[in-house]
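> Could you have a look at this structure, given as structure tokens, before my questions?
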Amino acid sequence: MSDGGSIVDVAVIGGGPAGIAAAIAARKEGARKVVVYERDWEAGGILQQCIHPGFGLHMFGEELTGPEYMDRYLKQAKEAGVEFALNTMVFQMDPPNETDDGRRSASFWVMNPNTGIERVRAKSVVLAMGCRERPAGALGIAGTRPAGVYTAGTAQRFVNMEGLMPGKKVVIMGTGDIGLIMARRMVLEGAEVVAVFEIMPWVSGLRRNIAQCLDDFGIPYYLEHSVRELHGRDRLEGISVVQIGKDRKPIDGTERFIGCDTLLLAVGLIPENELSRMAGIELEASTNGPAVNELLQTSAECVFAAGNVVVVYDLVDFVSEAGERAGSSAALYALGKLGKGPREFAVETTPNIRVVSPQKLCGARDTTVFLRVAEPIEGRCKLYAEPGIFSQTLRYARPGEMNEVKIDAQKLRALPGDVKSIKIGLEAVK
Amino acid sequence: MALNEETKKFLCVSCPVGCLLKVTVRGQEVLSVEDNGCPLGVKYAQNEVVNPVRTFTSTVRVSGASLPVCPVRSRTPLPLSKVRDVTMEVAFARADAPISIGQVIIGDICGTGIDIIASRSLEKR
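Structure, rendered in structure tokens:
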């Protein structure tokens with residue numbers, strides 16, 4: 102074990118899309134030593150297994166697969182002089198300390214098969230650990246515990262990177278995008294996909310994935326259905342599904358048995374914040390991610406956060422954009438050039454908004470606030486930020502698709518001094 | 059015999075927005091496209107009526123690399139009607155490391171005139 106000597110200017114934890122965009126931006130902003138810590142053997146994160154197209158329309162103006170999108174960013178990172186510590190797991194983060202000059206700096210502990218355990222000190226840190234899938238254990242399914250139950254992302258890694266097939270006759274629980282993508286993928290690899298079930302009365306993924314992943318291949322999906330029981334001793338032999346009523350409870354007597362050897366779960370993603378908790382960083386209950394402002398600065402002033410570790414996004418393009426913003430802020434902090442924002446506002450929302458990020462604004466730069474509605478609003482609705490910041494009429498708002506509120510920093514700074522909060526709301530328009 | 063006008067609905071897959079297009083057709087002629095958020099919707103509707111196309115992605119077995127499979131894609135969208143045939147041909151294809159991104163893995167797949175290309179690089183192990 103060594104107590105590492107050198108000090109990193111900007112340390113980025115996680116080598117996925119958010120972390121790599123952050124590292125590139127940090128170098129461009131003038132930070133000298135920028136290191137990305139990645140636990141896998143290569144950088145790129147989850148996109149390396151997302152071999153389907155649909156990435157990069159915003160960033161590159163063309164539709165790329167996940168590995169192609171990452172390839173472009175990894176080339177940029179190399180050109181920008183970003184350093185990578187691969188096969189390196191950050192397993193502990195200390196609460197940031199005050200340094201001699203009254204500023205704060207960070208330290209954390211890494212583990213690597215060749216160099217063992219080391220302490221890393223950094224002038225600033227970008228948290229970019231991404232998110233994890235909600236596992237089977239979180240669902241409370243009755244019955245046996247046979248092999249053949251996987252999260253959709255695990256199955257995706259098996260099929261697309263390890264060249265292994267998880268099973269032959271598949272049921273998918275949840276209409277998250279990964280589940281829909283995997284339905285098509287399993288069919289193309291020769292499996293039979295019996296059906297997709299969704300507990301809610303609406304689809305949780307993007308509509309186009311219903312069209313191109315299910316409809317194109319004749320795979321049926323059923324809303325307001327859930328898995329109640331697993332059957333089979335060593336290997337899954339089937340599941341019992343049950344209809345869900347308007348009260349969101351199972352309707353007794355509606356159970357039916359469906360034979361299958363594989364159940365894939367696409368039932369939600371949870372930001373991965375063990376390290377943030379260790380460092381004493383304030384988390385937001387609605388997102389499960391660090392509370393941040395538009396500079397993507399957390400409650401610890403030398404720690405920044407971006408991507409799915411903050412809030413689960415729909416599109417990687419927005420993750421990359423957030424990464425850039427966090428990397429640039431972190432570099433400015435490391436260089437002693439990041440000032441306090443001119444103002445402080447809390448972002449408040451109407452009850453029909455389930456998720457909002459960031460939850461604080463300081464007026465330092467123009468930004469986008471992302472939000473997700475709790476339930477679909479089919480039909481025209483008005484999205485607004487008051488007082489007098491933003492207003493837009495939408496054709497609809499759905500939980501599967503984030504909405505964006507553009508915030509003009511000048512307008513924020515010009516608000517009367519007694520205004521301490523910005524209210525973001527959504528209401529149906531006649 | 060004169061063909062009747064018909065209204066069809068297509069969910070555009072050109073981008074993540076996923077506009078539900080209202081398309082009026084006579085036979086294979088598109089008369090109008092409504093509810094599209096951008097020009098891609100018009101092109102998508104025309105394709106859906108005449109010859110629906112999709113970008114195809116899968117994996118190909120490789121030897122000599124740190125991974126046993128390499129992700130591949132069709133360079134451009136190919137006819138949806140050919141997807142089953144293309145799937146079979148890709149399933150039996152083999153490639154050797156090193157592979158560089160964009161490299162042709164199968165040229166002119168199933169007579170479509172479209173190449174299947176590697177969507178990542180894989181070094182020789």
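Protein sequences appear in the order of chains A and B.
Numbering follows the numbering used here, in which position 147 of the first sequence is assigned residue number 248; successive positions increment by one, without gaps.
Numbering follows the numbering used here, in which position 104 of the second sequence is assigned residue number 162; successive positions increment by one, without gaps.
C-beta atoms are modelled at their ideal positions from N, C-alpha and C, and glycine is treated no differently.
Note that the structure is predicted; figures quoted are calculated from it, not measured.
Kindly say whether residue 141 (chain A), judged by its beta-carbon, lies nearer than 8 Å to any beta-carbon of chain B.
Numbered from 1 along the first sequence, position 40 holds the residue referred to as residue 141 (chain A). Not an interface residue.
> Counting Cβ pairs closer than 8 Å, one from the segment 305-325 of chain A and one from the segment 395-413 of chain A, do we hit at least three?
no
> Does the contact criterion of 3 or more C-beta pairs under 8 Å hold for the segment 484-493 of chain A versus the segment 81-97 of chain B?
Because the criterion of three Cβ pairs below 8 Å is not met, the segment 484-493 of chain A and the segment 81-97 of chain B do not touch.
> Would residue 438 (chain A) be called buried (16 or more neighbouring beta carbons within 10 Å of its own) or exposed?
One-based indexing of the first sequence puts residue 438 (chain A) at position 337. Label assigned to residue 438 (chain A): exposed.
> Counting Cβ pairs, one atom from each stretch, are 3 or more of them under 8 Å apart for the segment 204-220 of chain A and the segment 410-418 of chain A?
no
> DSSP three-state call for residue 289 (chain A): helix, strand or coil?
Position 188 of the first sequence holds residue 289 (chain A). Reduced to three states, the DSSP call for residue 289 (chain A) is helix.
> What number of angstroms, rounded off, separates the C-alpha of residue 252 (chain A) from the C-alpha of residue 130 (chain B)?
In the first sequence, residue 252 (chain A) corresponds to position 151, counting from 1. In the second sequence, residue 130 (chain B) corresponds to position 72, counting from 1. Whole-angstrom Cα-Cα distance: 23 Å.
> Do you know how far the Cα of residue 428 (chain A) is from the Cα of residue 130 (chain A)?
Here residue 130 (chain A) is taken as the residue at index 29 of the first sequence, counted from 1. Here residue 428 (chain A) is taken as the residue at index 327 of the first sequence, counted from 1. Roughly 8 Å separates the two Cα atoms.
> Check whether the Cβ atoms of residue 155 (chain B) and residue 163 (chain B) lie closer than 8 Å to each other.
Your numbering for residue 155 (chain B) matches position 97 in the second sequence. Your numbering for residue 163 (chain B) matches position 105 in the second sequence. No, the Cβ-Cβ distance between residue 155 (chain B) and residue 163 (chain B) is not below 8 Å.
> I'd like the span of the beta strand (DSSP E) that includes residue 273 (chain A), first residue to last.
As a first step, residue 273 (chain A) is located in the first sequence; it is residue number 172 there, counting from the start. First-last of the beta strand (DSSP E) with residue 273 (chain A): 270-274.
> Excluding five sequence neighbours on each side, which residues of the same chain lie with their C-beta closer than 7 Å to the C-beta of residue 282 (chain A)?
Residue 282 (chain A) sits at position 181 when you count from the first residue of the first sequence. Cβ neighbours of residue 282 (chain A) beyond the five flanking positions: 153, 310 and 314.
> What is the rounded straight-line gap between the Cα of residue 69 (chain B) and the Cα of residue 344 (chain A)?
Residue numbering aside, residue 69 (chain B) sits at position 11 when the second sequence is read from its first letter. Residue numbering aside, residue 344 (chain A) sits at position 243 when the first sequence is read from its first letter. One C-alpha to the other measures close to 27 Å.
> Between residue 373 (chain A) and chain D, is there a C-beta pair that is closer than 8 Å?
Looking at the structure shown, chain D is missing, and the protein chains on hand are A and B.
> Can you tell me whether DSSP reads residue 114 (chain B) as helix, strand or coil?
Taking the second sequence and counting its residues from 1, one reaches residue 114 (chain B) at position 56. Here residue 114 (chain B) sits in coil by DSSP.
> Going by other Cβ atoms of all chains shown within 10 Å of its Cβ, with 16 needed for buried, is residue 99 (chain B) buried or exposed?
Start at 1 with the first residue of the second sequence, and residue 99 (chain B) comes out as number 41. With 16 or more other Cβ atoms within 10 Å, it is buried.
> Counting only beta-carbon atoms, is residue 112 (chain B) nearer than 8 Å to chain A?
Here residue 112 (chain B) refers to the residue found at position 54 when the second sequence is read from its first residue. With 8 Å as the cut-off, residue 112 (chain B) counts as an interface residue toward chain A.
> Rounding to the nearest angstrom, what Cα-Cα distance links residue 65 (chain B) and residue 144 (chain A) in this structure?
For the purposes of this step, residue 65 (chain B) is identified with residue 7 of the second sequence, where counting begins at 1. For the purposes of this step, residue 144 (chain A) is identified with residue 43 of the first sequence, where counting begins at 1. Looking at the two C-alpha atoms, the distance is approximately 48 Å.
> Does the beta carbon of residue 73 (chain B) come closer than 8 Å to any beta carbon on chain A?
Working through the second sequence from its first residue, we reach residue 73 (chain B) at position 15. Judged by the 8 Å Cβ criterion, residue 73 (chain B) is in contact with chain A.
> Can you check whether the C-beta of residue 177 (chain B) is within less than 8 Å of a C-beta belonging to chain A?
The residue labelled residue 177 (chain B) in the question sits at position 119 within the second sequence. Taking Cβ atoms only, chain A reaches closer than 8 Å to residue 177 (chain B), which makes this a yes.
> Can you have a look at residue 479 (chain A) and say buried or exposed, based on whether 16 or more other CB atoms are within 10 angstroms of its CB?
For the purposes of this step, residue 479 (chain A) is taken as residue 378 along the first sequence, with counting starting at 1. With a 10 Å radius around the Cβ and a threshold of 16 neighbouring Cβ atoms, residue 479 (chain A) comes out exposed.
> Roughly how many angstroms lie between the CA atoms of residue 376 (chain A) and residue 194 (chain A), to the nearest whole one?
Numbered from its first residue, the first sequence carries residue 376 (chain A) at position 275. Numbered from its first residue, the first sequence carries residue 194 (chain A) at position 93. Answer to the nearest angstrom: the Cα atoms are 6 Å apart.
> Kindly list the residues whose CB is nearer than 7 Å to the CB of residue 318 (chain A), restricted to its own chain and excluding five residues on each side of it in sequence; keep chain order.
By one-based count along the first sequence, residue 318 (chain A) stands at place 217. Contacts found: 285 and 288.
> To the nearest angstrom, how far is it from the Cα of residue 356 (chain A) to the Cα of residue 348 (chain A)?
Sequence index remark: in the first sequence, residue 356 (chain A) carries index 255 (1-based). Sequence index remark: in the first sequence, residue 348 (chain A) carries index 247 (1-based). The straight-line gap from Cα to Cα measures roughly 17 Å.
> Would you call the CB atoms of residue 534 (chain A) and residue 364 (chain A) closer than 8 Å?
What is shown of chain A runs 102 to 531, which leaves residue 534 (chain A) out entirely.
> Could you pull the start and end residues of the beta strand (DSSP E) that residue 91 (chain B) belongs to?
Numbered from 1 along the second sequence, position 33 holds the residue referred to as residue 91 (chain B). Per DSSP, residue 91 (chain B) belongs to the beta strand (DSSP E) from 87-92.
> Kindly indicate which three-state DSSP category residue 387 (chain A) falls into: helix, strand or coil?
Taking the first sequence and counting its residues from 1, one reaches residue 387 (chain A) at position 286. Correct three-state label for residue 387 (chain A): coil.
> Relative to the C-alpha of residue 153 (chain B), which residue among B:110, B:179 and B:113 is closest?
Here residue 153 (chain B) refers to the residue found at position 95 when the second sequence is read from its first residue. Minimum Cα distance to residue 153 (chain B) is reached at B:179.
> What residues from chain A crowd round residue 127 (chain B), counting only those whose CB sits closer than 8 Å?
As a working note, residue 127 (chain B) is residue 69 in the second sequence. By Cβ distance, chain A contributes 261, 262, 263 and 264.
> Would the segment 155-165 of chain A count as touching the segment 180-200 of chain A if we require 3 or more Cβ pairs under 8 Å?
no
> Answer yes if the segment 258-276 of chain A comes into contact with the segment 379-392 of chain A, meaning at least three C-beta pairs across the two stretches below 8 Å, and no otherwise.
no
> Can you pull the chain A residues whose beta carbon is under 8 Å from the beta carbon of residue 200 (chain B), in chain order?
Any property of residue 200 (chain B) remains undetermined from this structure, which presents chain B solely from 59 to 183.
> 8 Å is my cut-off, CB to CB: does residue 159 (chain B) come that close to chain A?
If you number the second sequence from 1, residue 159 (chain B) lands on position 101. Interface residue, yes.
> Find the nearest neighbour of residue 134 (chain B) within the set B:170, B:96 and B:85, judged by alpha-carbon distance.
For the purposes of this step, residue 134 (chain B) is taken as the residue at position 76 of the second sequence. Taking residue 134 (chain B) as reference, the option from B:170, B:96 and B:85 with the minimal CA-CA separation is B:170.
> Please name the residue in A:230, A:516, A:261 and A:303 whose C-alpha comes closest to that of residue 500 (chain A).
Within the first sequence, numbered from 1, the residue matching residue 500 (chain A) stands at position 399. Sorting A:230, A:516, A:261 and A:303 by C-alpha distance to the C-alpha of residue 500 (chain A) places A:303 at the top.
> Considering only residues of the same chain and omitting the five flanking positions on each side of residue 465 (chain A), which have a CB-CB separation below 6 Å?
Taking the first residue of the first sequence as position 1, residue 465 (chain A) is located at position 364. Cβ neighbours of residue 465 (chain A) beyond the five flanking positions: 396 and 442.
> Would residue 312 (chain A) count as contacting chain B if we go by Cβ distances under 8 Å?
Within the first sequence, residue 312 (chain A) is the residue found at index 211, counting from 1. By this cut-off, residue 312 (chain A) is an interface position.
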